[in-house]
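Participant:
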C-alpha cells in the first residue's frame, strides 16, 4: 500500500499538481486516523491533504481509481472440490496431454496451463517478462487508455486461443476416462473464471506499467522556464494550455501588486484635518496619525490589433486584457482590423474563454485589410471621452498598417491627452520599419515601448507599466 | 472528543448543519491533525456557517476575523489602548508628581518614570484583536478567518507565522504563546489565488452547491414552515437556475431567503406571479433575471412550466 500511495503522489505531480513533502506527510498522518479500509474515507483523507486547488480536483478523481481501484482477485484452484482420485486423474491427463503435444506447444502455454489449472497467479517476474515482450517498456508506451490493447498482446503471447482448444480436448479426455460429469463441469467453470481473472490481472498490470512510464516521462519533461521564453506563435496545444495557466498566475500577481500599491499610496501626506479630529478625545495630543489617502483611480484604454499577423498572439493579449479589465475598474477595450470595435462589454459579460471567442468571431481575420490609422481616427472621433489625463492608453499591435495612412497626428493628439501612451509590439525591433510597418514613425510618440513576443517579456512589461 | 466521522456528522446535524460525508471527514481530520481548514467554494454555500456550527457543536467560543483589503496587524492582532493609557495618566497625575517630587535632577526623574513604564505597557492596556484573543483564550476557541482572499498578500504572509506557531511577539511584552491551539477555519471565495505556502499549511475542503436532495434537506431543516411540496418545487427551480450560466448563481443562503419569502407571502404554489415577484430574491443582476425569465418562458411554452400554475 505504501508503495501505491507514493506512486500515486508521483502521478499527481506528473500531471502538474503541486504536492509538497509536507503535504504527503499530512496524507500519511491522516491515513493513520482514518485507515485505508473505508474507501471513501481514505479518498477524502488523501484529497484533503494533497489537493489544495479546486482545479486539480478532476485530476485527482481521475487518477484515484486507477491507483486504488479494486485490485483484481487472485486465481482459484479448480481442483479443490475434487476427490483425491479425480485430482490424480486430472494431473495424469494434463501430464499426458503435455507430453503428446510437446512439439506443438508454443510460447508459454505450459505456464498458462499451470496458472489456470493450479490456481497460481503469475509472479511479478513472469509479468515483467511478458510486459517486456509485449513492448510495454518501449518509449512510446505511455497512454493508459491503451492498456487493453497491450493486455491482449500479452494474452496472444501466452497462446490464449490455443489454450481454449487444449482445454476442450482435456474435458473430452477426462470424460472418456470416466470422471464425474459434475466434477468436470465444476473445473470447467472455475477455469473459465480463472481466465477472466487472469485477463483482468494482465490489463491491470499493463495499465500500471503505462502510467509509470508516463510519470517517468513527465519527470523528464522540460521545465516551464523554457515556455516563458518561447514565442507565442510557436506553441503546441498543450503548451498553450500551460501558458494560459501562466497568464492566470500573472493576473493574480497583478492583483496583489495593485493592492500593495494602494497600500503604499496610503502612506502619503499627513492629513492634518482628520488627525486633529481623531485626536480630540486625547485632548489634542496626536496619538493617531492619519494620512491623506491618495485615491488613485487609474483609467485604462486598450487598443488591440487582431489582424492576421497578430492572430497568434491576440488570444493572449485578450486574456491579459480580460484580467486587466477585472483589475482596473475603468477600462475600455477596443479591437480592430479595418475598423474599431468596442469590446468592453464582451469582456465584461462573458467568462474568459467565451469572451476570447466572442471577440475573435466578431472580428474575423481577412487578408491585408488592417487599417491602424483609420482605427485610431475612429477612436478619436467616437471614443475620445474615454481618454483623459488619468488614462493610460495601451496599444497592442505590430504597427503594420498595410500602407494605409498611419494617422500620426491623431496618434499624437491621443497621446498628449492621455497620461501615458504605451505600445506593446510582438515583433523584433529589427523588423520595425520594414515593409508595411509604421512602427518607427509611431515609436517617438509613445511614452513607453516594449517588445513582447513571449510571456517573460509580457510579465516584464506589465511589471514596469504598473510600478 | 469525537471518535469517528459519524460523530462529527451527528454533532453538526444537532446544530442544524447538514454535512456531507466529505465535510465531516475533512473536519474530523482537521481536528485530529490540529491543522487549519481552508474551505473554498462559491459564495453562500455554507462555509462560514460550517465554522459557526462547529463552534456550537463543540461549545467553544467563535472568534471571527473578517478580512478585507488593507487589513493589517493592528486590526487583526492587537493595539495599544491609547485612550485608556491617557486616562490613567491623568488620574494618576498626583501619584506621579509625588513620585517625581524629590527627584534631584531631570535625569533622575526620567529614570524613575522609566522604571514605571511597565505599568503602561502591560496587558492591562492591550486591546486584543481576534487573533490575539484566540491565542490568549483560556479555552480552545474556533477561530474563523473569513474571506482570506480579500486581504492582501502581505497580510497572508503575516498570518503564516501565526498559523504555524500560534504565538505572537509584542515588542513591549515579549512572546505570547497559545495556551490552547485554536481550531482554525479559513474561507475563500477564490477572488485571488492564495499562496502555496498558506495552502500547504491547511487541509483543503471544497464545498460546492449541494445536490437537490441535500438542498431539500437543508430547506426542510431551516425553513420548516414551508409546505413540503412547495419546498421541493423551489429547490428544483433553484437547481434549474444554476444550470443557466448566470453571472451569479443563486446560493444556498439565497435559496433559504427565498424559502422564507415564500412562507411570508403565504404562497401556496409556485405560480408565475409569485415567481415574477420573488425572482429578485434569488438573482442579483438584472441581466440574470432577464435570462432566467426568458428560460422559464421557454419552458412554459412547451407545457413544462404549466405545472407551476
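Residue numbers (the working numbering), protein chains in the order written: chain A, 95 to 561; chain B, 1124 to 1432.
For each residue, glycine too, the CB sits at the ideal point set by N, CA and C.
Note that the coordinates shown come from a computational prediction; the quantities given were computed from them, not determined experimentally.
Report buried or exposed for residue 98 of chain A, applying the criterion of at least 16 other Cβ atoms within 10 angstroms of its Cβ.
Facilitator: Indexing the first chain from 1 puts residue 98 of chain A at position 4. A residue is called buried when at least 16 other Cβ atoms come within 10 angstroms of its Cβ; residue 98 of chain A does not meet this threshold and is exposed.
Participant: What runs of the alpha helix (DSSP H), each 4 residues or longer, lie entirely inside the stretch 117-146 of chain A?
Facilitator: 133-144
Participant: Since residue 1367 of chain B and residue 1335 of chain B should fall inside the 8 Å C-beta cutoff, what is the C-beta to C-beta distance between them, to a whole number of angstroms?
Facilitator: Locating residue 1367 of chain B in the second chain gives position 244, where the first residue counts as 1. Locating residue 1335 of chain B in the second chain gives position 212, where the first residue counts as 1. The beta-carbon separation of residue 1367 of chain B and residue 1335 of chain B, rounded to 16 Å, does not stay under the 8 Å limit for a contact.
Participant: Is there at least one Cβ from chain B nearer than 9 Å to residue 440 of chain A's Cβ?
Facilitator: Within the first chain, residue 440 of chain A is the residue found at index 346, counting from 1. It does not: the Cβ of residue 440 of chain A has no partner Cβ on chain B nearer than 9 Å.
Participant: Counting only beta-carbon separations shorter than 9 Å, does residue 1425 of chain B have a partner in chain A?
Facilitator: As a first step, residue 1425 of chain B must be located in the second chain, where it is residue number 302. Bear in mind that the predicted position of residue 1425 of chain B carries a pLDDT of just 45, short of 50, making it unreliable; the figure below should be weighed with that in mind. Chain A contact via Cβ: absent.
Participant: On a CA-only basis, which of A:288, A:250, A:429 is nearest residue 213 of chain A? Give me that one, please.
Facilitator: For the purposes of this step, residue 213 of chain A is taken as the residue at position 119 of the first chain. The residue with the shortest Cα to Cα distance from residue 213 of chain A is A:288.
Participant: Less than 9 Å between the C-beta atoms of residue 1308 of chain B and residue 1203 of chain B, yes or no?
Facilitator: Along the second chain, one-based indexing puts residue 1308 of chain B at 185. Along the second chain, one-based indexing puts residue 1203 of chain B at 80. No, the Cβ-Cβ distance between residue 1308 of chain B and residue 1203 of chain B is not below 9 Å.
Participant: Tell me, please, whether the stretch 152-163 of chain A touches the stretch 119-126 of chain A by the rule of three or more beta-carbon pairs shorter than 8 Å.
Facilitator: no
Participant: Just the C-alpha distance for residue 1370 of chain B and residue 1411 of chain B, rounded to the nearest angstrom, thanks.
Facilitator: For the purposes of this step, residue 1370 of chain B is identified with residue 247 of the second chain, where counting begins at 1. For the purposes of this step, residue 1411 of chain B is identified with residue 288 of the second chain, where counting begins at 1. Spanning the two alpha carbons is a distance of roughly 6 Å.
Participant: Specify whether the stretch 179-196 of chain A and the stretch 250-268 of chain A touch according to this definition: at least 3 beta carbon pairs, one from each stretch, less than 8 Å apart.
Facilitator: yes
Participant: Please classify residue 482 of chain A as buried or exposed, where buried requires at least 16 neighbouring CB atoms within 10 angstroms.
Facilitator: Walking along the first chain from the start, residue 482 of chain A turns up at place 388. By the neighbour-count rule (16 or more Cβ atoms within 10 Å), residue 482 of chain A is not buried but exposed.
Participant: Around the Cβ of residue 175 of chain A, are there at least 16 other Cβ atoms within 10 angstroms (buried) or fewer (exposed)?
Facilitator: In the first chain, the residue the question calls residue 175 of chain A occupies position 81. The residue is exposed, with fewer than 16 neighbouring Cβ atoms inside 10 Å.
Participant: Let me know the beta strand (DSSP E) ranges lying completely inside the stretch 1140-1171 of chain B, each 3 residues or longer, listed in chain order.
Facilitator: 1160-1163
Participant: Output yes or no for whether 9 Å exceeds the beta carbon distance between residue 1319 of chain B and residue 146 of chain A.
Facilitator: Counting from one through the second chain, the residue named residue 1319 of chain B turns up at place 196. Counting from one through the first chain, the residue named residue 146 of chain A turns up at place 52. Yes, the Cβ-Cβ distance between residue 1319 of chain B and residue 146 of chain A is below 9 Å.
Participant: Name, please, each residue of chain A whose Cβ falls closer than 7 Å to the Cβ of residue 1406 of chain B.
Facilitator: Counting from 1 along the second chain, the entry for residue 1406 of chain B is found at position 283. Correct list: empty, because the minimum Cβ distance to chain A is about 15 Å.
Participant: Going by the DSSP bridge assignment, what does residue 488 of chain A pair with across the sheet?
Facilitator: As a working mapping, residue 488 of chain A is identified with position 394 in the first chain. DSSP output for residue 488 of chain A lists A:396, A:516 as bridge partner(s).
Participant: Which residues in chain B sit within 8 Å of residue 120 of chain A, going by Cβ to Cβ distance?
Facilitator: Walking along the first chain from the start, residue 120 of chain A turns up at place 26. Correct list: 1156, 1158, 1326.
Participant: Could you compute how far the alpha carbon of residue 512 of chain A sits from the alpha carbon of residue 519 of chain A?
Facilitator: The residue given as residue 512 of chain A occupies position 418 in the first chain. The residue given as residue 519 of chain A occupies position 425 in the first chain. Near 19 Å, if we compare the C-alpha coordinates of residue 519 of chain A and residue 512 of chain A.
Participant: Interface residues of chain A around residue 1270 of chain B at Cβ under 7 Å?
Facilitator: Here residue 1270 of chain B refers to the residue found at position 147 of the second chain. Those within 7 Å of residue 1270 of chain B in chain A number zero; the least Cβ separation is about 14 Å.
Participant: Residues in the same chain with beta-carbon distance under 7 Å from residue 261 of chain A, minus the five sequence neighbours each way, listed in chain order, please.
Facilitator: Counted from its first residue, the first chain places residue 261 of chain A at position 167. Result list for residue 261 of chain A: 285, in chain order.
Participant: Check whether the Cβ atoms of residue 1148 of chain B and residue 138 of chain A sit closer than 9 Å, and answer yes or no.
Facilitator: To locate residue 1148 of chain B, count along the second chain from 1; it is residue 25. To locate residue 138 of chain A, count along the first chain from 1; it is residue 44. Yes.
Participant: Please report the straight-line C-alpha distance between residue 1246 of chain B and residue 1182 of chain B, rounded to a whole angstrom.
Facilitator: What you label residue 1246 of chain B is simply residue 123 of the second chain in a count that begins at 1. What you label residue 1182 of chain B is simply residue 59 of the second chain in a count that begins at 1. Taking the straight line joining both Cα atoms gives about 27 Å.
Participant: Helix, strand or coil for residue 1429 of chain B per DSSP?
Facilitator: One-based indexing of the second chain puts residue 1429 of chain B at position 306. For residue 1429 of chain B, the pLDDT reaches just 42, beneath the cut-off of 50, and the residue's location in the model is therefore unreliable, although a value from the coordinates is still provided. Correct three-state label for residue 1429 of chain B: helix.
Participant: Enumerate, from N- to C-terminal direction, the unbroken beta strand (DSSP E) stretches of 3 or more residues contained entirely within the stretch 1326-1371 of chain B.
Facilitator: Within the stretch 1326-1371 of chain B, the runs of beta strand (DSSP E) that reach at least 3 residues and sit entirely inside it are, in chain order, 1326-1329.
Participant: Just list the beta strand (DSSP E) runs in the stretch 1170-1239 of chain B, keeping only unbroken ones of 3 residues or longer that don't cross its boundaries, in chain order.
Facilitator: Within the stretch 1170-1239 of chain B, the complete beta strand (DSSP E) segments of 3 residues or longer fall at 1184-1189, 1201-1203, listed in chain order.
Participant: Mind listing the chain A neighbours of residue 1206 of chain B? Cutoff is C-beta to C-beta under 8 Å, in chain order.
Facilitator: Start at 1 with the first residue of the second chain, and residue 1206 of chain B comes out as number 83. Here the neighbours are 375, 376.
Participant: If you measure from the beta carbon of residue 1312 of chain B to each beta carbon in chain A, is any gap under 9 Å?
Facilitator: Here residue 1312 of chain B is taken as the residue at index 189 of the second chain, counted from 1. No - not a single Cβ of chain A is within 9 Å of the one on residue 1312 of chain B.
Participant: Tell me which residues share the same chain as residue 1295 of chain B and place their Cβ nearer than 6 Å to its Cβ, disregarding the 5 neighbours each side in the sequence.
Facilitator: Residue numbering aside, residue 1295 of chain B sits at position 172 when the second chain is read from its first letter. Answer for residue 1295 of chain B: 1244, listed in chain order.
Participant: Can you tell me which of A:555, A:538, A:535 puts its alpha carbon nearest to the alpha carbon of residue 544 of chain A?
Facilitator: In the first chain, counting from the first residue as 1, residue 544 of chain A sits at position 450. Among A:555, A:538, A:535, the Cα nearest to that of residue 544 of chain A belongs to A:555.
Participant: Kindly provide the ranges of any alpha helix (DSSP H) runs that are 4 or more residues long and lie completely inside the stretch 403-460 of chain A, ordered along the chain.
Facilitator: 405-421, 438-443, 446-456
Participant: Tell me the rounded alpha-carbon separation between residue 1258 of chain B and residue 1286 of chain B.
Facilitator: In the second chain, the residue the question calls residue 1258 of chain B occupies position 135. In the second chain, the residue the question calls residue 1286 of chain B occupies position 163. The C-alpha of residue 1258 of chain B lies about 10 Å from the C-alpha of residue 1286 of chain B.
Participant: Helix or strand or just coil, what does DSSP make of residue 230 of chain A?
Facilitator: Locating residue 230 of chain A in the first chain gives position 136, counting from the first residue. DSSP places residue 230 of chain A in coil when its eight states are reduced to three.
Participant: Flag this pair as touching only if the stretch 1194-1202 of chain B and the stretch 1248-1258 of chain B have three or more C-beta atom pairs under 8 Å; answer yes or no.
Facilitator: Result yes; three or more Cβ-Cβ pairs closer than 8 Å.
Participant: Taking 9 Å as the CB-CB cut-off, is residue 112 of chain A touching chain B?
Facilitator: Numbered from 1 along the first chain, position 18 holds the residue referred to as residue 112 of chain A. It does; some Cβ of chain B falls within 9 Å.
Participant: Leaving out five residues on either side along the sequence, give the residues of the same chain with a beta carbon under 8 Å from the beta carbon of residue 102 of chain A.
Facilitator: Within the first chain, the letter at position 8 stands for residue 102 of chain A. Here the set comprises 140, 157, 158, 161, 162.
Participant: Taking only the alpha-carbon atoms, compute the straight-line gap between residue 1175 of chain B and residue 1185 of chain B and give it to the nearest angstrom.
Facilitator: One-based indexing of the second chain puts residue 1175 of chain B at position 52. One-based indexing of the second chain puts residue 1185 of chain B at position 62. Roughly 7 Å between the two C-alpha positions.
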